[in-house]
Amino acid sequence: MQTLHAQRCERIPDTRLRMPYMTRHALIIDDDPDFRELISGLLSAHGFDCTQSEGLQDIACNPACLETDLILVDYELGDFTGDDVLGYLRERNVEAGIILMSACHNDDMQAMVARGKRSGLEMLGQLGKPCDIMHLASLLAELDKQRNPLSLDELDDALTERQLHLVYQPKIDLASGRLSGAEALVRWQHPLRGMVMPNQFIALAERTNRIEALTWQVIEHGFRQQGQWQSQGLHLDLALNLSPQLLRTRDMLKTLDALASQHHVDPHSITLELTESCGIDCLTYARHLLNAIRDRGYRLALDDFGTGFSSMMQLYNLPFDELKIDQCFVGRSDSHPEARAITRTIVELGQRLNLAVVGEGIETAEQRDYLCDTRCNIGQGYLFARPMPVTDFNAWSRCPPSAVNAISQRHTSAVH
Numbered sequence: 002m003q004t005l006h007a008q009r010c011e012r013i014p015d016t017r018l019r020m021p022y023m024t025r026h027a028l029i030i031d032d033d034p035d036f037r038e039l040i041s042g043l044l045s046a047h048g049f050d051c052t053q054s055e056g057l058q059d060i061a062c063n064p065a066c067l068e069t070d071l072i073l074v075d076y077e078l079g080d081f082t083g084d085d086v087l088g089y090l091r092e093r094n095v096e097a098g099i100i101l102m103s104a105c106h107n108d109d110m111q112a113m114v115a116r117g118k119r120s121g122l123e124m125l126g127q128l129g130k131p132c133d134i135m136h137l138a139s140l141l142a143e144l145d146k147q148r149n150p151l152s153l154d155e156l157d158d159a160l161t162e163r164q165l166h167l168v169y170q171p172k173i174d175l176a177s178g179r180l181s182g183a184e185a186l187v188r189w190q191h192p193l194r195g196m197v198m199p200n201q202f203i204a205l206a207e208r209t210n211r212i213e214a215l216t217w218q219v220i221e222h223g224f225r226q227q228g229q230w231q232s233q234g235l236h237l238d239l240a241l242n243l244s245p246q247l248l249r250t251r252d253m254l255k256t257l258d259a260l261a262s263q264h265h266v267d268p269h270s271i272t273l274e275l276t277e278s279c280g281i282d283c284l285t286y287a288r289h290l291l292n293a294i295r296d297r298g299y300r301l302a303l304d305d306f307g308t309g310f311s312s313m314m315q316l317y318n319l320p321f322d323e324l325k326i327d328q329c330f331v332g333r334s335d336s337h338p339e340a341r342a343i344t345r346t347i348v349e350l351g352q353r354l355n356l357a358v359v360g361e362g363i364e365t366a367e368q369r370d371y372l373c374d375t376r377c378n379i380g381q382g383y384l385f386a387r388p389m390p391v392t393d394f395n396a397w398s399r400c401p402p403s404a405v406n407a408i409s410q411r412h413t414s415a416v417h
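Residue numbering for the sequence shown follows this note's numbering, starting at 2 and increasing by one per position.
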């Protein structure tokens with residue numbers, strides 16, 4: 002393996018897609034001056050204009066340095082951690098690609114990268130110290146893929162050629178430890194770019210009025226899979242994301258009925274999730290339509306609760322069955338008292354309103370146990386399983402991991 006210390010002057014293989022002669026900027030945040038110099042020299046030779054920083058205090062005093070294309074952050078920065086820096090970058094709405102660096106490869110780093118991605122940061126991955134030059138090259142190539150914007154033609158091709166598919170993340174009953182259902186999440190298998198995540202194309206679909214076609218494809222895929230599961234005797238609740246824009250379309254109920262009939266799906270086994278981060282234009286009409294959907298047997302969930310648009314107004318006016326606590330609260334409930342208090346308050350609010358409460362983004366046993374203690378109904382997150390293709394999900398459902406079994410053990414201990 003080539004390391005940065007051994008090959009400090011070697012040029013990274015040029016696997017990138019970027020335009021020639023385009024100067025790009027990188028910010029290196031590391032309290033080791035020698036390592037900063039090594040990274041800076043390597044990136045400078047590859048066309049980056051580099052700025053160096055010792056830590057969070059430096060960048061807080063000079064926020065202009067965040068207007069960059071690439072940020073490399075050390076996992077440990079004296080009194081601060083990489084998590085502290087990522088939190089600051091989230092608050093500043095930084096759009097740079099981010100690489101997390103550390104001499105230790107551990108689950109904490111992977112979890113931090115995952116948290117960053119889910120919070121909207123453009124996390125490229127993690128890099129060991131001393132670093133593997135080829136791995137750094139692949140991370141820079143990933144930056145170029147992400148910075149080469151998707152076009153409307155590509156999105157139209159994806160919809161026409163059925164390049165979209167679903168992955169499934171288990172939802173766990175936190176009282177018993179049993180598998181209660183799954184959330185279906187869309188992925189785009191691009192023929193050239195590889196796997197494209199939703200945060201890279203959903204906004205494009207919304208801007209270009211393609212979100213209706215995209216959402217119906219997702220619902221159709223989900224109904225087909227649910228129909229197959231039910232025919233095989235696997236009875237799970239399947240959650241599908243429903244764009245609020247779909248509420249404005251004609252014949253929505255007729256299309257929903259047709260898909261359920263075509264794939265022999267029991268509506269009582271489907272939960273439709275509306276994200277709370279999007280406003281719903283006309284609450285009166287939305288209430289009428291959502292009531293009609295519920296009358297057919299579908300359950301309705303308010304997703305990302307606590308972070309978005311008119312939270313309490315939507316909760317008060319619309320007929321939801323389920324409340325999903327946003328992962329930004331759950332993911333910090335084991336380390337931030339404020340997040341713990343908010344999480345417990347949302348659970349209690351859901352209980353008072355007779356709503357099922359789902360905690361999403363569970364990554365540690367401590368977060369799981371805290372949600373169990375609050376009597377949150379359902380949990381999902383990387384601690385149990387990452388989103389996975391249906392074949393992997395089927396195998397997982399037959400042999401769940403120890404993180405799930407621990408819940409049933411807690412339940413048994415409490416009973417006795």
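Using N, Cα and C, we set each Cβ at its ideal position, and we do this for glycine too.
If you reduce the DSSP assignment to three classes, tell me which class residue i lands in.
i, result
"R345", "helix"
"M198", "coil"
"E213", "helix"
"P192", "coil"
"V266", "coil"
"F385", "coil"
"N395", "helix"
"L71", "strand"
"Q233", "coil"
"Y89", "helix"
"T256", "helix"
"H337", "coil"
"Q164", "coil"
"D304", "strand"
"R25", "strand"
"I99", "strand"
"F49", "strand"
"E155", "helix"
"S311", "Unreliable positioning characterises S311 in this predicted model, as indicated by a pLDDT of 48, which lies under 50. The coordinate reading is nonetheless provided below. In this structure, S311 counts as coil in the three-state DSSP scheme."
"F81", "strand"
"S130", "A small fix is needed here, since residue 130 is Lys in this sequence, not Ser. DSSP places K130 in coil when its eight states are reduced to three."
"I363", "coil"
"Y76", "coil"
"S177", "coil"
"P401", "coil"
"S139", "helix"
Decide if residue i is buried, meaning its Cβ has at least 16 other Cβ atoms within 10 Å, or exposed.
i, result
"H337", "exposed"
"S311", "For S311, the predicted structure reports a pLDDT of 48, less than 50, and the residue's modelled location is therefore unreliable. A value from the coordinates is still provided. S311 should be labelled exposed."
"N378", "buried"
"Y22", "Reliability fails at Y22, whose pLDDT of 38 lies under 50, so the model's placement of it is uncertain and no value is given."
"A302", "buried"
"K146", "buried"
"Y371", "buried"
"S152", "exposed"
"G195", "exposed"
"D304", "buried"
"R353", "exposed"
"D75", "buried"
Hey, would you say residue i sits closer than 8 Å to residue j, going by beta carbons?
i, j, result
"E361", "Q328", "yes"
"I29", "L78", "no"
"P320", "R341", "no"
"D322", "L356", "yes"
"D238", "S270", "yes"
"L241", "P401", "no"
"I363", "G307", "no"
"T375", "R345", "yes"
"D70", "R25", "yes"
"R208", "M198", "no"
"I408", "G178", "yes"
Residues in the same chain with beta-carbon distance under 6 Å from residue i, minus the five sequence neighbours each way, listed in chain order, please.
i, result
"P388", "V168, Q170 and L186"
"R297", "P268"
"S54", "I30 and I60"
"I100", "L73, L125, L128 and L140"
"Q246", "I212"
"R333", "A340"
"S120", "R91"
"T250", "E213"
"A104", "K130"
Excluding five sequence neighbours on each side, which residues of the same chain lie with their C-beta closer than 7 Å to the C-beta of residue i?
i, result
"S244", "I212 and T216"
"E38", "none"
Skipping 5 residues on each side, what residues in its chain have a beta carbon closer than 8 Å to that of residue i?
i, result
"V95", "L67, I72 and L122"
"D158", "Q164"
"V359", "K172, A302, E323, L324, K325, I326, C377, N378, I379, G380 and Q381"
Give a single yes or no on whether residue i has its beta carbon closer than 7 Å to a heavy atom of the ligand GDP.
i, result
"Q263", "Of ligands this structure carries none, so the ligand GDP is not represented either."
Taking contact to mean 3 or more Cβ pairs, one atom from each stretch, closer than 8 Å, check whether the segment 154-168 and the segment 122-137 are in contact.
no
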